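In this text, residue positions in the sequence shown follow this note's numbering: the first is 827, and each later residue adds one. Taking it in order: structure first as structure tokens, then the write-up.
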Amino acid sequence: MKKIMLLVLFAAICIAGCSDNNTVPQSEIVKVAVPGSVSTDKARYAPNEVVTFIIDRTIPVSSKVRYRHLSTIVADEPVSGKTWTWTAPATDFTGYLVEVYNAAAGKEQIIATTGVDVSSDWTRFPRYGFLSEYNAKTTAEINTVIDNLNKYHINGLQYYDWLYDHHKPLAGTPADPAASWSDLIGRTNTRATTEAYLAAAKSRNMASMWYDLCYGALTNAAADGVQESWYLFKNSNHTTKDAHQLNAPFRSSIYLVDPNNQAWIDYFSDRVAEVYEAYDFDGFHIDQLGNRGTLYDYTGATVNLPTGFEKFIQKMVTDFPQKRNAFNAVSGYGQANIAVAGVDFLYNEIWGEMSSYANLKTLIDQNHTYNSALNSVYAAYMNYDLGKNKGTFNTPGVLFTDAVMFAVGASHLELGEHILNNEYFPNSNLQPDNTLKAALIRYYDFLVSYENILRDGGEFNTVDLSSTAGTVSAAAWPPVTGKIISLAKKVGTQQVIHLFNFVNAQHLQWRDLNGTQTEPRLQQNVTLQIKVTQSVKKVWAATPDKEGKMYEELAFSVDDGSVTVTVPALKYWTMLVME
827 MKKIMLLVLF
837 AAICIAGCSD
847 NNTVPQSEIV
857 KVAVPGSVST
867 DKARYAPNEV
877 VTFIIDRTIP
887 VSSKVRYRHL
897 STIVADEPVS
907 GKTWTWTAPA
917 TDFTGYLVEV
927 YNAAAGKEQI
937 IATTGVDVSS
947 DWTRFPRYGF
957 LSEYNAKTTA
967 EINTVIDNLN
977 KYHINGLQYY
987 DWLYDHHKPL
997 AGTPADPAAS
1007 WSDLIGRTNT
1017 RATTEAYLAA
1027 AKSRNMASMW
1037 YDLCYGALTN
1047 AAADGVQESW
1057 YLFKNSNHTT
1067 KDAHQLNAPF
1077 RSSIYLVDPN
1087 NQAWIDYFSD
1097 RVAEVYEAYD
1107 FDGFHIDQLG
1117 NRGTLYDYTG
1127 ATVNLPTGFE
1137 KFIQKMVTDF
1147 PQKRNAFNAV
1157 SGYGQANIAV
1167 AGVDFLYNEI
1177 WGEMSSYANL
1187 KTLIDQNHTY
1197 NSALNSVYAA
1207 YMNYDLGKNK
1217 GTFNTPGVLF
1227 TDAVMFAVGA
1237 SHLELGEHIL
1247 NNEYFPNSNL
1257 QPDNTLKAAL
1267 IRYYDFLVSY
1277 ENILRDGGEF
1287 NTVDLSSTAG
1297 TVSAAAWPPV
1307 TGKIISLAKK
1317 VGTQQVIHLF
1327 NFVNAQHLQW
1337 RDLNGTQTEP
1347 RLQQNVTLQI
1357 KVTQSVKKVW
1367 AATPDKEGKM
1377 YEELAFSVDD
1387 GSVTVTVPAL
1397 KYWTMLVME
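The structure is reproduced here in structure tokens:
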């Protein structure tokens, strides 16, 4: 089997305002033919918490493990056996790259890598997953799901359709929760499975968020105390309720209540209290149905739904201050109000009106305008039309979308018992192949390792960048086909440049509806020229793609205000950093 060998040379340079202390001994870095897999016992860690690592193979004698924060080596220690521990540093909200390697015969062989997120609060860097089935399950089945999500460092879970009735989410009473109940489509949910998932998630430092609409009521709502005067209507004389119409096997349509109505908000807050009394959820994932057009309350007045969303969230924050809240801004609807109401991160379900890769950055820019302190999660369903039948995800479509989402600073709600391709989360028509499964682990390792560049402040900017190779050209964001596309961001003293390989892309639509996005041709030894206005002391690159390395320091030269550097490998996405 062919091994990929990359020679990294660090030459002494001298530029204005910078000494020539960049000289580093030459070394060869070799990747093993079949990379190992190293995982952690939890999805995130508190400062000073002990991290346990598990590797899937016997590693050579004299191997070492290196803990790196961005370009700084925090620790470099001998390692042996298949498990070991490390005490996380005291600095909060910090990501680390962990590299297991062997340096026999002067050649550094990378055996396996992973990421570690040291964060006391999961919502600072939310990596959101989901659950969608709560029927009777064995302990082994539940642990398999949670253990798999832990490989991707998923630190929060949305319990989709866990509820009983939308207006009365708890089945039974707080003192005696029901052992089982039917969800909206008639599937059986169980208390035992719910409690087992809650316990398994907590053991991995994953938060659990129960799911419901902020304004849903079923046909039996009147018997449970929901008043006719609380509903939303399509006409001013309150004869036609607004509803999300559902046919069999759903046991009811969902009728919409005015979230501005204080009586409804108070009523529902009592129902939320019942949920928290019965189950150890960490928070509430609140949903809506998007822009419903002109609606009226019972008195005939037109209704402003976003102000109702804001009031609803504020009630949840006030009544349950120890719990977390997320609220779905469907196609961005209501986000200006949602973002300032007290949610713990921003959540966008994205549809066709924002279907391009460029739109993914536009949306993050909008979210930062509304609340720059909060990070974003995108619910975005891949290969939507392909998934109308059983099949396999198109790996290039998924990886290009994740690359752009992660680079702009969002995470992707996609991982649960399966990978999402539809807004009805139990739908598992599409399955990932082994290539995609392995790639997504690397991508989530990357998201964690470099969270302080990807999701921890900074400002997008513009750099003057060109490719000196005649065979491929580069252009600045937004994406176009036929080129390497650069997206620049200044983070502290670091100039970050994300490089995307759209040279032979089939299209520029993140949804990749029919699974037609093409695998990019590997670009090797791409020489770039970048104009700079400050001294550059170090240049390094990192990529989640297996064709390159998670971290690699690069030789560079400076001439007449331009840095020239050669990027060893660009498959989907490589991040270049100048310090």
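Here a beta-carbon is modelled for each residue, glycine too, at the ideal position from N, C-alpha and C. Here the structure is a predicted model, which is why all the values come from computation and not from measurement.
Rounded to the nearest angstrom, what separates residue i and residue j at their Cα positions?
i, j, result
"S889", "I1245", "35 Å"
"R1118", "S1202", "24 Å"
"T949", "Q1114", "21 Å"
"N1247", "S958", "13 Å"
"T1344", "L1010", "39 Å"
"F1171", "F1153", "8 Å"
"V1403", "R1017", "49 Å"
"I1356", "Q1321", "11 Å"
"V1389", "T1294", "12 Å"
"I841", "L1380", "Residue placement at I841 is poorly supported in this model, since its pLDDT is 32, which falls under 50; the coordinates still yield a value, given next. Computed Cα separation, rounded: 16 Å."
"D1259", "V1358", "42 Å"
"P1147", "T884", "47 Å"
"W1303", "F1076", "45 Å"
"P1252", "L1241", "12 Å"
"K829", "A929", "Only weak support is given to the placement of K829: the predicted model assigns it a pLDDT of 30, under 50, and the value that follows is read from those uncertain coordinates. If you take the alpha carbons of K829 and A929, they lie about 16 Å apart."
"K1375", "A1184", "26 Å"
Using three-state DSSP, classify residue i as helix, strand or coil.
i, result
"Y1276", "coil"
"N1327", "strand"
"P1132", "helix"
"L1212", "helix"
"K1364", "coil"
"M827", "Interpretation of M827 is limited by its pLDDT of 35, a score under 50 that renders its predicted location unreliable; the figure taken from the coordinates is listed afterwards. In this structure, M827 counts as coil in the three-state DSSP scheme."
"Q984", "strand"
"E1054", "helix"
"P1394", "strand"
"T911", "strand"
"F1138", "helix"
"A859", "With a pLDDT of 46 at A859, under the threshold of 50, the predicted position of this residue should be treated as unreliable, though the coordinate-derived value follows. Correct three-state label for A859: coil."
"M1376", "coil"
"F1107", "coil"
"M1404", "strand"
"N1340", "coil"
"T1369", "coil"
"I1011", "coil"
"V1098", "helix"
State buried or exposed for residue i, treating a residue as buried only when at least 16 other CB atoms are found within 10 Å of its CB.
i, result
"E1178", "Here residue 1178 turns out to be Gly, not Glu, going by the sequence shown. With fewer than 16 other Cβ atoms within 10 Å, it is exposed."
"I899", "exposed"
"A1165", "buried"
"L1273", "buried"
"V1306", "exposed"
"G1235", "buried"
"D1386", "exposed"
"K1187", "buried"
"T1488", "Any property of residue 1488 remains undetermined from this structure, which presents the chain solely from 827 to 1405."
"V876", "exposed"
"V943", "For the record, residue 943 in the displayed sequence is Asp; it is not Val. The residue in question, D943, is buried, as its Cβ has 16 or more Cβ neighbours within 10 Å."
"T999", "exposed"
"G1213", "buried"
Cβ atoms of residue j and residue i: under 8 Å apart, would you say?
i, j, result
"Y1105", "L1024", "yes"
"T940", "V864", "yes"
"Q1335", "S1182", "yes"
"G1284", "K1315", "yes"
"L1325", "L1280", "no"
"V891", "V926", "yes"
"I937", "G1012", "no"
"S1275", "G921", "yes"
"V1169", "N1151", "yes"
"Y986", "Y1037", "yes"
"V1298", "V1230", "no"
"G1341", "N1209", "yes"
"L1291", "I1323", "yes"
"K994", "D1050", "yes"
"N1163", "T1133", "yes"
"P915", "P873", "yes"
"Y1250", "R953", "no"
"A1331", "S1312", "no"
"L896", "N1278", "yes"
Counting contacts by CB-CB distance shorter than 8 Å, is residue i in contact with chain B?
i, result
"A1205", "Absence of chain B from the displayed structure is noted, only one protein chain being present."
Report, in whole angstroms, the separation of the C-beta atoms of residue i and residue j, which I expect to be a contact under 8 Å.
i, j, result
"Y1406", "A1069", "Past the boundaries of the shown model lies residue 1406; the chain is included only from 827 to 1405, so the question cannot be answered."
"N1174", "Y1204", "5 Å"
"A1033", "L975", "In fact, because the Cβ distance is near 12 Å, the residues do not count as touching under 8 Å."
"A1043", "H992", "6 Å"
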